[in-house]
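In order, the protein sequences belong to chains E and F. First residue of the first sequence: 1, per this note's numbering; consecutive thereafter. First residue of the second sequence: 1, per this note's numbering; consecutive thereafter. Backbone N, C-alpha and C fix where the C-beta goes; we use that ideal spot for every residue, glycine too.
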Amino acid sequence: MASIAPGGIPDFLDSLFRSESRRILASLIRLLGDFDLAEDGMHDAFAAALEAWPRDGVPDHPRAWLVSTGRFKAIDRLRRSARFSTSLETLAELPDEGPSGWVEEEGVEDDRLRLIFTCCHPALPLEACTALTLREVCGLTTEAIARAFLTAPSTLAQRIVRAKAKLRDAGIPFEIPARADLPGRLEAVLKVVYLVFNEGYSASSGEALTRPDLSGEAIRLGRLLLELLPDPEVKGLLALMLLQESRRAARVSPEGDLVLLEDQDRSRWDRALMAEGKALVDQALASRRVGAYTLQAAIAAVHAEAAEAPATDWGRILGLYTLLARVAPSPVVELNRAVAVAMRDGPQAGLDLTDALLARRDMAEYHLAHAVRADLCRRLGRTEEALVSYRQALGLVQQGPERRFLERRVAELQT
Amino acid sequence: MKYICFGYLDVQQWATLSQDKQNAMIDACFAYDEGLKKDGHWAGGEGLQGPDTAVMVRLEQGKVSVTDGPYAETKELLGGLLILEARDLNHAIHLISNHPGLKMGPWEIRPAADLDQMIRDSERRRSVSK
Chain E
1 MASIAPGGIP DFLDSLFRSE SRRILASLIR LLGDFDLAED GMHDAFAAAL EAWPRDGVPD
61 HPRAWLVSTG RFKAIDRLRR SARFSTSLET LAELPDEGPS GWVEEEGVED DRLRLIFTCC
121 HPALPLEACT ALTLREVCGL TTEAIARAFL TAPSTLAQRI VRAKAKLRDA GIPFEIPARA
181 DLPGRLEAVL KVVYLVFNEG YSASSGEALT RPDLSGEAIR LGRLLLELLP DPEVKGLLAL
241 MLLQESRRAA RVSPEGDLVL LEDQDRSRWD RALMAEGKAL VDQALASRRV GAYTLQAAIA
301 AVHAEAAEAP ATDWGRILGL YTLLARVAPS PVVELNRAVA VAMRDGPQAG LDLTDALLAR
361 RDMAEYHLAH AVRADLCRRL GRTEEALVSY RQALGLVQQG PERRFLERRV AELQT
Chain F
1 MKYICFGYLD VQQWATLSQD KQNAMIDACF AYDEGLKKDG HWAGGEGLQG PDTAVMVRLE
61 QGKVSVTDGP YAETKELLGG LLILEARDLN HAIHLISNHP GLKMGPWEIR PAADLDQMIR
121 DSERRRSVSK
């Protein structure tokens with residue numbers, strides 16, 4: 001194949017790393033049974049490719065080459081470190097190199113799924129599952145995950161170290177669960193996948209509003225899961241992600257600023273994603289078990305059905321949020337319900353609900369609660385109160401575009 | 001990202017080792033450091049002489065004062081530091097977890113602070129005050 005000039009190899013490897021490193025890592029974790037060793041092996045393999053490919057040409061199956069080389073290099077590492085260790089136990093535990101030492105290309109997607117189920121294993125606390133999945137499956141750094149979870153990096157790093165140790169010490173097999181165990185194991189996976197999506201759709205901090213690659217990753221994981229298990233909630237989650245994703249282009253202005261749903265240019269919504277999402281919502285709603293993801297997707301579908309913002313069926317949205325608050329009660333759902341009330345019954349009704357929510361400790365630190373209050377006061381013409389709430393929201397907001405949005409609102413009110 | 005790693009040495013344990021064992025430990029540490037260099041993870045490092053060689057410089061009533069010390073009475077002495085180039089904090093932890101020096105005492109890992117914004121702000125302040 002060797003159609004790439006030697007000078008182009010570094011760039012080719014860079015793009016290969018970006019597109020394939022998570023798959024390669026998953027296969028190496030299966031082959032080596034150790035996360036960290038797999039990561040070392042993968043980096044060794046890319047380094048080896050940088051040396052070998054300009055000389056020998058790009059192999060026919062670059063990914064298989066990298067997996068095989070990574071495994072070989074990792075085993076080599078173990079041998080070297082065993083020389084310095086007092087016991088030979090490590091050497092005895094070295095993985096078998098196999099007859100050919102070559103790794104098959106098939107089953108690569110299964111490796112990723114195995115990795116997801118392992119990272120979301122019930123033996124691990126949920127917070128460890130999300131951290132591990134984001135780092136090992138999605139390739140986020142510890143520091144980025146810590147920011148996403150508003151946690152200190154040192155805390156998160158310990159969580160990851162403990163999770164890996166637990167998987168290793170408990171001898172948890174790197175496998176897809178048996179069909180009978182799947183539904184139970186799936187719930188944790190769905191939660192993690194949606195967190196990944198949200199990190200890509202609404203990056204928790206920093207200047208960029210969205211990271212499409214992460215959302216794309218979550219959607220891909222969702223599709224993969226749906227293939228494995230056509231559970232209504234997998235459909236619901238995938239539908240929710242697709243419907244949100246369909247609005248991505250309209251959600252951010254050319255200047256990188258946040259555009260609210262009501263102000264979005266709906267002609268820029270992705271019709272294909274919307275149609276796919278709506279079809280999945282209908283399938284999920286037709287099942288008898290309607291879960292939180294399906295309800296959220298149904299809400300997103302109501303928005304998608306409105307050609308213009310004023311045409312939105314807020315009564316239906318309120319009904320869905322009321323159901324959602326029963327199925328999966330949370331402060332965020334309550335806040336969204338208050339917004340739906342405001343849209344259907346007027347800002348004062350929404351403000352009453354929002355004020356009741358803000359009196360709760362878990363809401364006082366949530367910037368969107370203050371932003372909602374500010375917006376409702378603004379609509380009621382209570383400018384001074386609106387400004388106070390906008391400033392409270394500004395004191396809590398982490399994300400650059402959201403901050404600029406709030407600052408614009410403050411500036412508008414002050415003129 | 002850069003991580004500054006402080007390696008501590010349990011001096012009492014070290015003193016109990018035979019010359020051969022000490023040499024083996026030193027060799028293992030240097031071999032590991034060479035591996036870090038080869039893999040592009042080494043961004044610098046130094047061993048430290050003992051605390052009896054330390055001097056403290058401070059301002060006292062506007063005058064520079066230089067004294068010995070501090071002779072902290074600790075079992076574990078700061079023996080050296082190395083600067084790692086790692087993907088993230090867990091990668092740095094992994095690299096230090098395999099360091100043979102860990103057998104002789106704990107390591108403290110501190111992420112390097114990103115001073116870019118602070119430097120830009122400072123440069124702006126200094127250019128204005130000129």
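CA-CA distance, T142/E and L25/E?
What you label residue 142/E is simply residue 142 of the first sequence in a count that begins at 1. What you label residue 25/E is simply residue 25 of the first sequence in a count that begins at 1. Looking at the two C-alpha atoms, the distance is approximately 17 Å.
Considering only the alpha carbon of each residue, which of D121/F, L81/F, Y8/F and G50/F lies closest to G44/F?
Locating residue 44/F in the second sequence gives position 44, where the first residue counts as 1. Closest by alpha carbon: L81/F.
Could you tell me the alpha carbon to alpha carbon distance between D313/E and G319/E, rounded to whole angstroms?
Numbered from 1 along the first sequence, position 313 holds the residue referred to as residue 313/E. Numbered from 1 along the first sequence, position 319 holds the residue referred to as residue 319/E. In a straight line, the C-alpha of D313/E is about 10 Å away from that of G319/E.
In whole angstroms, what is the alpha-carbon distance linking L89/F and D56/E?
Against the second sequence, residue 89/F aligns to sequence position 89. Against the first sequence, residue 56/E aligns to sequence position 56. Distance between the alpha carbons of L89/F and D56/E: 36 Å.
Is S19/E buried or exposed, if buried means 16 or more other CB atoms sit within 10 Å of its CB?
Here residue 19/E is taken as the residue at index 19 of the first sequence, counted from 1. The residue in question, S19/E, is exposed, as its Cβ has fewer than 16 Cβ neighbours within 10 Å.
Taking the Cβ atom as the reference point for each residue, do A309/E and E262/E lie within a distance shorter than 8 Å?
As a position in the first sequence, residue 309/E is number 309, starting the count at 1. As a position in the first sequence, residue 262/E is number 262, starting the count at 1. Yes, the pair counts as a contact, with Cβ atoms nearer than the cut-off.
Helix, strand or coil for V55/F per DSSP?
To locate residue 55/F, count along the second sequence from 1; it is residue 55. V55/F falls in the strand class under three-state DSSP.
Please list, in chain order, the chain F residues whose beta carbon lies closer than 7 Å to that of A157/E.
As a working mapping, residue 157/E is identified with position 157 in the first sequence. The answer, in chain order, is L89, N90 and I93.
Are any of the Cβ atoms in chain F nearer than 8 Å to that of D36/E?
Position 36 of the first sequence holds residue 36/E. Yes, its Cβ sits closer than 8 Å to a Cβ of chain F.
So, with DSSP's three-state summary, where would you put E365/E?
Numbered from its first residue, the first sequence carries residue 365/E at position 365. DSSP places E365/E in coil when its eight states are reduced to three.
Measure the alpha-carbon distance for D27/F versus L406/E and round it to whole angstroms.
Here residue 27/F refers to the residue found at position 27 when the second sequence is read from its first residue. Here residue 406/E refers to the residue found at position 406 when the first sequence is read from its first residue. Answer to the nearest angstrom: the Cα atoms are 59 Å apart.
Go ahead and label E51/E buried or exposed: buried means 16 or more other beta carbons lie within 10 angstroms of its beta carbon, across all protein chains shown.
If you number the first sequence from 1, residue 51/E lands on position 51. Counting Cβ neighbours within 10 Å, E51/E comes out exposed, since fewer than 16 surround it.
By DSSP, does S21/E sit in helix, in strand, or in coil?
The sequence position of residue 21/E within the first sequence is 21, counting from 1. The answer is helix: DSSP assigns S21/E an H, G or I state.
What residues in its chain sit with their C-beta under 7 Å from that of L357/E, if we drop five residues either side in the sequence?
Here the question's residue 357/E lines up with position 357 in the first sequence. Excluding sequence neighbours, L357/E sits near P331, E334, L335, A338, M363 and A369.
CA-CA distance, M42/E and Y201/E?
Here residue 42/E is taken as the residue at index 42 of the first sequence, counted from 1. Here residue 201/E is taken as the residue at index 201 of the first sequence, counted from 1. Spanning the two alpha carbons is a distance of roughly 29 Å.
Give the range of the alpha helix (DSSP H) segment to which D60/E is assigned.
Position 60 of the first sequence, counting from 1, holds the residue named residue 60/E. Looking at the DSSP string, D60/E is not in any alpha helix (DSSP H), and its letter there is neither H nor E.
Classify Q296/E: buried if its beta carbon has 16 or more other beta carbons within 10 angstroms, exposed otherwise.
Taking the first residue of the first sequence as position 1, residue 296/E is located at position 296. So Q296/E counts as buried.
Excluding the 5 residues preceding and the 5 following S21/E in the sequence, name in chain order all residues of the same chain whose CB lies nearer than 7 Å to its CB.
Sequence index remark: in the first sequence, residue 21/E carries index 21 (1-based). The answer, listed in chain order, is M42 and G139.
For A411/E and Y390/E, what's the separation of their Cα atoms in angstroms?
For the purposes of this step, residue 411/E is identified with residue 411 of the first sequence, where counting begins at 1. For the purposes of this step, residue 390/E is identified with residue 390 of the first sequence, where counting begins at 1. Going from the Cα of A411/E to the Cα of Y390/E covers about 10 Å.
For chain F, find out if any of its Cβ atoms is closer than 8 Å to the Cβ of T141/E; answer yes or no.
Position 141 of the first sequence, counted from the start, is the residue given in the question as residue 141/E. Yes, its Cβ sits closer than 8 Å to a Cβ of chain F.
If we define contact as Cβ-Cβ less than 8 Å, is V397/E a contact residue for chain F?
Taking the first sequence and counting its residues from 1, the one referred to as residue 397/E is at position 397. No - not a single Cβ of chain F is within 8 Å of the one on V397/E.
Confirm, please, whether the CB-CB distance from F6/F to L78/F is below 8 Å.
In the second sequence, residue 78/F corresponds to position 78, counting from 1. In the second sequence, residue 6/F corresponds to position 6, counting from 1. Contact check for L78/F against F6/F passes: the beta carbons are separated by less than 8 Å.
When you compare only the Cα positions, how much space is there between K235/E and R220/E?
Reading the first sequence from its first residue, position 235 is the one you call residue 235/E. Reading the first sequence from its first residue, position 220 is the one you call residue 220/E. Their Cα atoms are separated by approximately 13 Å.
Within the continuous alpha helix (DSSP H) that includes K38/F, where are the two ends?
As a working mapping, residue 38/F is identified with position 38 in the second sequence. Counting along the chain, the alpha helix (DSSP H) containing K38/F begins and ends at Q19 to K38.
Listing by chain order, which chain E residues have their CB less than 8 Å from the CB of N98/F?
Working through the second sequence from its first residue, we reach residue 98/F at position 98. For N98/F, the chain E residues whose C-beta falls within less than 8 Å of its own C-beta are S81, listed in chain order.
Taking the alpha-carbon of A49/E as reference, which of S27/E, R23/E, I9/E and L28/E has the nearest alpha-carbon?
Counting from 1 along the first sequence, the entry for residue 49/E is found at position 49. A49/E has its Cα closest to that of I9/E, out of S27/E, R23/E, I9/E and L28/E.
Please list, in chain order, the chain E residues whose beta carbon lies closer than 8 Å to that of P106/F.
The count along the second sequence starts at 1 and reaches residue 106/F at position 106. Under the 8 Å cutoff, chain E gives no residues; its nearest Cβ is about 14 Å from P106/F.
With DSSP as the reference, label Y293/E as helix, strand or coil.
Position 293 of the first sequence, counting from 1, holds the residue named residue 293/E. DSSP places Y293/E in helix when its eight states are reduced to three.
Looking only at C-alpha atoms, which of Q13/F, R58/F and A54/F sits nearest to P70/F?
Position 70 of the second sequence holds residue 70/F. Out of Q13/F, R58/F and A54/F, A54/F has the C-alpha closest to the C-alpha of P70/F.
Spatial neighbours of P177/E within its chain, please: C-beta separation below 8 Å, excluding the five flanking residues on both sides.
Stepping through the first sequence from its first residue, residue 177/E is reached at position 177. These residues qualify, in order along the chain: F117 and R185.
Please list the terminal residues of the continuous beta strand (DSSP E) segment that includes A43/F.
Working through the second sequence from its first residue, we reach residue 43/F at position 43. First-last of the beta strand (DSSP E) with A43/F: W42 to G47.
Does the stretch 154-172 of chain E come within contact of the stretch 15-34 of chain F, defined as at least 3 CB pairs closer than 8 Å?
In short, these stretches do not touch, since the Cβ pair count stays below three.
Just verifying my parser: in three-state terms, what is the DSSP assignment at R382/E?
Stepping through the first sequence from its first residue, residue 382/E is reached at position 382. Three-state DSSP puts R382/E in coil, outside helix and strand.
Consult DSSP for C138/E and reduce its assignment to one of helix, strand or coil.
Here residue 138/E refers to the residue found at position 138 of the first sequence. In this structure, C138/E counts as coil in the three-state DSSP scheme.
DSSP beta-bridge partners for V142/F?
The structure shown does not extend to residue 142/F, since chain F is modelled only from 1 through 130, so no value can be given for it.
Have a look at E305/E, P329/E, L280/E and A307/E and flag the residue whose alpha-carbon is nearest the alpha-carbon of T294/E.
For the purposes of this step, residue 294/E is taken as the residue at position 294 of the first sequence. It is L280/E whose Cα lies nearest to the Cα of T294/E.
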